[in-house]
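Undergrad: Taking our numbering, I'd label the letters of the sequence shown as residues 13 to 644.
Every residue gets a Cβ at the ideal spot worked out from N, C-alpha and C, and that includes glycine.
One structure is given below, represented as structure tokens, and several questions about it will come after.
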Amino acid sequence: MPTQEATAQVSTGPVDVEQAEAALVEHYPRLVRIAYLVLPPGLGQSRRVLTAHSVVQHALPRNRVPEQRTGGDPGYACVRTRVLRGALGAGRPPRRWALPRRAQLPPLLPQVWGLRLFPRSGGSDELVLDQRLSGLSAPARAAWVLRGLERLGDAEVQRVLAAAGVQDIEEALAEADEVRAQYALLESPEFDPCLLQARPPDLMRRRQHTRAAAVAVAALVVCGVLLGLPGEGWGPDGAAAPPYARNPAAEQALDPANLVKAEPRAWKTSARTDFSAWPARGDRVDDERLLRRALAVWARPGGTVQVSATPGTPSGPPAGPAQLLYAGEVDQAAVVLLHDGFRLVRYAEARDGGTAGAALDFARVDGADTATANAVVAGRADGNVRYLTAPWVRGVAVRNLLKPAERAQPLSRRGDGVTGITASPAVGSGCPHWNVLQLRDDTGTRLMTDLGEITPARLTSGPPSAPHDVTDRAGLAAWSRTACLLPSMRANGVRSVNSWAYARQTLPEGDGVARWLCTRADTWRGTGSRVLAQVQAPAESPVAPGAVAARAEDSPACGPRSPQVLAGVLWKSRAGRWYVLAAGSRQIASISTSGGVTGTGRGPVLALPAREGAHAELNAVLSDGTELSALG
């Protein structure tokens, strides 16, 4: 511990640069942890980690610093103050006509290419604390951290905050009082930006961005040639790149007159109720110029177009005339939605026709049915989202999964099927709420959630052999403790997410009953599924997220082909004793552990005494004699 609560303060004289450097090197991990906790959560974990290191590395003064009044190491106190000043500056709004502060920009150094870095995941207590700290202002977070991590009294906290440039210190302290004093959790790996995990970014999207950059360079070259030629350049096609050669079949697909438009009531008699049965809606379905620009940009996105595609979705031009689903105005944008039988394509530009900043989004939707072709994201703005609903949807409402006892709130809908705005859970950090769309049609009621793509994902409950829509009280209660784990499913082309309670376990020492759930996200492309096994032990909050026990990528576990699952977790009782808990689906006849903890038990659940930090390997035997390894 570099500092303890101060009991006396003495004047130490000026701090030399060498003295500050020695303190920075000695206490570097602690200083980075302070910066990470104070930085705005909205930066995202990877950028927040790098920015924390950058703030600390730029905290070394260039010259001598005036005398410090402190009861500890003056060099450490000096560097800590500069770290706080830099981290607090990242959370302040930009000043008009002023250059942004260093911490408000992506850090130049350190920099990691091709990887995302983030701290190790903690338990449910750490997640809840992180969410509560996310709701505080930056000065309040700084006050809370100084109290908890640095063990400073309020008088010393006030002095440090004043030195770091905080104005409303009393307000910051009062706001920090609202978060329960779980200071021991600050030492968790969840908040340690020096103990990191590395994962690749979205490789498909990175490849697309690389291609887009290459296309942009080529487009600039061609543009330079075209600007020297007579004619209209690329004006008629808006933000589309210029064509390289004429292709009669491609030109036919890009003619707005050839767009397919389903009859308004075709869905009532169609053999398939999917996107192919959607009629063309919107107040600009006859705007030939808008439709021509949308088709041209689809075929040849220019360098200024923001292109995104869900994993496994090609972003090439249409093979033939596409179907028009929507063309109209959504907030400040003109939006066109197209369907080519395999993909949904959303084109958006400024409502006044300006193509600067035009966006083009692709999503794979082959195999869609009534339950998954019932809504599309029509527009996003300021953390909110609007949907375009299917013509067979009779009722639309919004439900907060974190408040399962509350009734769903009706959501307005325009005559063209576009809903009113609702807060999207797909943006921001933390989990203050998780709003889902509740849609009702002639076949039932379904919950759909926004995971950052143009097609929302369907939420279900129940065993893999018979998943069902979440409508009953028990299903909503289970999802209330699972919703905050959904961010790990974002940007993966998810079609549906099923959460299945596969076991119940009586906890040792009379600490209640835990529920084990397997949450599986299946994608439109069939591969790339994500599976989480979680344990939901009794908690103070009825919506506290479960603790993730295991996770796997592209695994058949918890699916219809392989419904068996086995997972374990190291658990601490209320009395402070540690146990290895394990649970599997009911086909399991026995579970055994090896490694740091050794033991065997009959049936699908197991609890064995253990030491803190112990590591155990799990194996199970099914009732038919087949062996099963733990998930992950």
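1) Taking DSSP as the reference, what is the three-state secondary structure of Leu72?
2) What does the alpha-carbon distance come out to for the pair Gly524 and Thr518?
3) Go to Gln335, then tell me how far its beta strand (DSSP E) extends in each direction, as first and last residue.
4) Under a Cβ-count criterion, where at least 16 other Cβ atoms within 10 Å of its own Cβ denotes burial, should Gln576 be classed as buried or exposed?
5) Could you give the C-beta distance for Val581 and Ala559, rounded to a whole number, given that I count them as a contact under 8 Å?
6) From Val309 to Ala564, what does the alpha carbon distance come to, in whole angstroms?
7) Give me the DSSP bridge partner(s) of Val44.
8) Is Leu238 helix, strand or coil when you go by DSSP?
9) Less than 8 Å separating the beta-carbons of Val44 and Ala64?
10) Which first and last residues belong to the alpha helix (DSSP H) in which Leu307 is found?
11) Pair every Cβ in the segment 386-395 with every Cβ in the segment 453-468, then say whether three or more of these pairs are closer than 8 Å.
12) Nearest by alpha-carbon distance to Val633: which of Ala642, His627, Ala626 is it?
13) Are the CB atoms of Leu337 and Ala409 nearer to each other than 8 Å?
14) Determine the DSSP secondary structure at Thr531, reduced to helix, strand or coil.
15) In terms of residue numbering, what span does the beta strand (DSSP E) encompassing Asp85 cover?
16) Count the other C-beta atoms from every protein chain shown that fall within 10 angstroms of the C-beta of Glu3, then say buried if there are 16 or more, exposed otherwise.
17) Just curious, the alpha helix (DSSP H) that Gln576 is in, first and last residue?
18) Roughly how many whole angstroms lie between the Cα atoms of Asn447 and Thr434?
19) Going by beta-carbon coordinates alone, are Gly540 and Pro323 separated by less than 8 Å?
20) Can you give me the C-alpha to C-alpha distance between Leu100 and Glu199, rounded to a whole angstrom?
21) Pick helix, strand or coil for Thr638, following the three-state DSSP scheme.
22) Looking at the unbroken beta strand (DSSP E) that takes in Ile603, where does it start and where does it end?
23) Would DSSP call Gln31 helix, strand or coil?
24) Among the residues of its own chain, which have a CB less than 7 Å from the CB of Ala402, if the five just before and after it don't count?
25) Determine the burial state of Gln344: buried for a count of at least 16 other Cβ atoms within 10 Å of its Cβ, exposed for fewer.
26) From Gly571, Arg92, Leu640, Tyr48, pick the residue whose C-alpha is nearest to that of Leu164; which is it?
27) Does DSSP put Asn504 in a helix, a strand or coil?
28) Would you call Arg392 buried or exposed, if buried means 16 or more other Cβ atoms sit within 10 Å of its Cβ?
29) Please classify Ser635: is it buried, with 16 or more other beta-carbons within 10 angstroms of its beta-carbon, or exposed?
30) Taking 8 Å as the threshold (C-beta atoms), are Ala154 and Val272 in contact?
31) State buried or exposed for His351, treating a residue as buried only when at least 16 other CB atoms are found within 10 Å of its CB.
32) Could you check if His445 is buried or exposed, using at least 16 other CB atoms within 10 Å of its CB as the buried criterion?
33) Determine the direct distance from the alpha carbon of Ser500 to that of Trp528, and round the result to whole angstroms.
34) Cutting at 6 Å between CB atoms, please list the residues of its own chain near Ala360, excluding the five before and the five after it.
35) Measuring alpha carbon to alpha carbon, tell me which of Asp534, Gly353, Ala306 ends up nearest Asp373.
36) List the DSSP bridge partners of Gly456.
TA: According to the structure data:
1) Stepping through the sequence shown from its first residue, residue 72 is reached at position 60. Coil at Leu72, not helix or strand.
2) For the purposes of this step, residue 524 is taken as residue 512 along the sequence shown, with counting starting at 1. For the purposes of this step, residue 518 is taken as residue 506 along the sequence shown, with counting starting at 1. Gly524 and Thr518: Cα-Cα distance of roughly 6 Å.
3) Start at 1 with the first residue of the sequence shown, and residue 335 comes out as number 323. Following the DSSP letters along the chain, one finds Gln335 inside the beta strand (DSSP E) bounded by residues 335-342.
4) Looking up residue 576 in the sequence shown gives position 564. When all chains shown are included, Gln576 counts as buried.
5) Sequence index remark: in the sequence shown, residue 581 carries index 569 (1-based). Sequence index remark: in the sequence shown, residue 559 carries index 547 (1-based). Their Cβ separation, rounded to whole angstroms, is 6 Å, which keeps Val581 and Ala559 in contact under 8 Å.
6) As a first step, residue 309 is located in the sequence shown; it is residue number 297 there, counting from the start. As a first step, residue 564 is located in the sequence shown; it is residue number 552 there, counting from the start. Straight through space, the alpha carbons of Ala564 and Val309 are spaced by roughly 38 Å.
7) Locating residue 44 in the sequence shown gives position 32, counting from the first residue. Beta-bridge partners assigned by DSSP to Val44: none are found.
8) In the sequence shown, residue 238 corresponds to position 226, counting from 1. Residue placement at Leu238 cannot be trusted, given a pLDDT of 45 that sits under 50; what the coordinates show is reported in the next sentence. Three-state DSSP puts Leu238 in a helix.
9) Within the sequence shown, numbered from 1, the residue matching residue 44 stands at position 32. Within the sequence shown, numbered from 1, the residue matching residue 64 stands at position 52. Result yes, Cβ atoms of Val44 and Ala64 sit closer than 8 Å.
10) Walking along the sequence shown from the start, residue 307 turns up at place 295. First-last of the alpha helix (DSSP H) with Leu307: 300-311.
11) yes
12) Along the sequence shown, one-based indexing puts residue 633 at 621. Cα-wise, what sits closest to Val633 is Ala642.
13) Locating residue 337 in the sequence shown gives position 325, counting from the first residue. Locating residue 409 in the sequence shown gives position 397, counting from the first residue. Result no, Cβ atoms of Leu337 and Ala409 do not sit closer than 8 Å.
14) Looking up residue 531 in the sequence shown gives position 519. Residue state, collapsed to three classes: strand.
15) Stepping through the sequence shown from its first residue, residue 85 is reached at position 73. Taken as a continuous stretch (DSSP letters only), Asp85 belongs to no beta strand (DSSP E), as it is neither H nor E.
16) Limits of the chain in this structure are 13 at one end and 644 at the other, which puts residue 3 out of reach.
17) Here the question's residue 576 lines up with position 564 in the sequence shown. Here Gln576 belongs to no alpha helix (DSSP H), and DSSP marks it neither H nor E.
18) The residue you call residue 447 lines up with position 435 of the sequence shown. The residue you call residue 434 lines up with position 422 of the sequence shown. Approximately 8 Å, taken between the alpha carbons.
19) Walking along the sequence shown from the start, residue 540 turns up at place 528. Walking along the sequence shown from the start, residue 323 turns up at place 311. By the CB criterion at 8 Å, Gly540 and Pro323 fall inside the cutoff.
20) Sequence index remark: in the sequence shown, residue 100 carries index 88 (1-based). Sequence index remark: in the sequence shown, residue 199 carries index 187 (1-based). If I take the Cα positions, the gap works out to 21 Å.
21) For this step, residue 638 is matched to residue 626 along the sequence shown. Thr638: coil per DSSP, three-state reduction.
22) Counting from one through the sequence shown, the residue named residue 603 turns up at place 591. Ile603 -> beta strand (DSSP E) spans 600-607.
23) Numbered from its first residue, the sequence shown carries residue 31 at position 19. Of the three classes helix, strand and coil, the one that applies to Gln31 here is helix, per DSSP.
24) Taking the sequence shown and counting its residues from 1, the one referred to as residue 402 is at position 390. Counting only Cβ-Cβ distances below 7 Å, and skipping sequence neighbours, we find Trp290, Ala385, Asn386, Ala387.
25) Taking the sequence shown and counting its residues from 1, the one referred to as residue 344 is at position 332. Burial call: exposed.
26) Numbered from 1 along the sequence shown, position 152 holds the residue referred to as residue 164. Closest option to Leu164, Cα to Cα, is Arg92.
27) Counting from 1 along the sequence shown, the entry for residue 504 is found at position 492. Asn504: coil per DSSP, three-state reduction.
28) To locate residue 392, count along the sequence shown from 1; it is residue 380. Label assigned to Arg392: buried.
29) For the purposes of this step, residue 635 is identified with residue 623 of the sequence shown, where counting begins at 1. Exposed.
30) To locate residue 272, count along the sequence shown from 1; it is residue 260. To locate residue 154, count along the sequence shown from 1; it is residue 142. Going by C-beta atoms, Val272 is not nearer than 8 Å to Ala154.
31) Sequence index remark: in the sequence shown, residue 351 carries index 339 (1-based). When all chains shown are included, His351 counts as buried.
32) Along the sequence shown, read from residue 1 onward, the residue named residue 445 stands at position 433. Label assigned to His445: exposed.
33) Position 516 of the sequence shown, counted from the first residue, corresponds to residue 528. Position 488 of the sequence shown, counted from the first residue, corresponds to residue 500. Distance between Trp528 and Ser500, taken at the CA atoms: about 18 Å.
34) As a working mapping, residue 360 is identified with position 348 in the sequence shown. Answer for Ala360: Ala345, Val347, Ala371, listed in chain order.
35) Taking the sequence shown and counting its residues from 1, one reaches residue 373 at position 361. The option with the nearest alpha carbon to Asp373 is Ala306.
36) As a working note, residue 456 is residue 444 in the sequence shown. DSSP lists Asp453 as partners of Gly456.
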